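*Asks:* Position in the sequence shown counted from 1, then plus 1139, gives you this note's numbering.
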Amino acid sequence: MTAKLGGKALDEALAKREGWKQAANHESIAKSFKFADFNEAWGFMTRVAMAAEKADHHPEWSNVYNKVEITLSTHDAGGVTDKDIKLAKFIDEAK
1140 MTAKLGGKAL DEALAKREGW KQAANHESIA KSFKFADFNE AWGFMTRVAM
1190 AAEKADHHPE WSNVYNKVEI TLSTHDAGGV TDKDIKLAKF IDEAK
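Printed below as a string of C-alpha cells:
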C-alpha cells in the first residue's frame, strides 16, 4: 500500500501543482478544467483515462459540455498519496 501524504509533504506537493486544491477533509485533491467545447473536453478525458488505466489509479470525475471536474484520492490509503500527485501532474500536462 502507498503511504498517505499529510501536513507539510502534501502542502509541498500541491505547491507544485497549480490549481489543485485540497478537500476540507484532507482526503482528496480536486481541480476544475474548462475547454473550448465538448470534443476538446472528451479528448482530454480520453488521454487521462488511458494513463489512469495503465497506472491502475482512477479519478473521480464529471463532465458537462466543456467542463471537467476531477477529484483524486487513494482510497485504500485513506487520502492523498504520491499516486495522486503523479496523476495530477499527468493531468496538467495532458491539458
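Every residue, glycine too, gets a C-beta built ideally from N, C-alpha and C. Since the model is a prediction, treat every value here as computed from it, not as a measurement.
Consult DSSP for K1222 and reduce its assignment to one of helix, strand or coil.
*Replies:* The answer is helix: DSSP assigns K1222 an H, G or I state.
*Asks:* At which residues does the beta strand (DSSP E) containing T1185 begin and terminate?
*Replies:* Taken as a continuous stretch (DSSP letters only), T1185 belongs to no beta strand (DSSP E), being part of the alpha helix (DSSP H) at F1177 to A1194.
*Asks:* So is A1227 buried or exposed if we call it buried at 16+ other beta carbons inside 10 Å?
*Replies:* A1227 is buried by the Cβ-count criterion.
*Asks:* According to the Cβ coordinates, are F1172 and V1207 closer than 8 Å?
*Replies:* For F1172 and V1207, yes; Cβs fall inside 8 Å.
*Asks:* Check this for me: beta carbons of E1192 and T1210, under 8 Å apart or not?
*Replies:* It is not a contact, given that the beta carbons lie outside the stated cut-off.
*Asks:* Since K1173 is in the beta strand (DSSP E), which residue starts that stretch and which ends it?
*Replies:* From DSSP, the beta strand (DSSP E) with K1173 extends over I1168 to K1173.
*Asks:* What are the boundary residues of the alpha helix (DSSP H) that includes K1147?
*Replies:* From DSSP, the alpha helix (DSSP H) with K1147 extends over G1146 to A1154.
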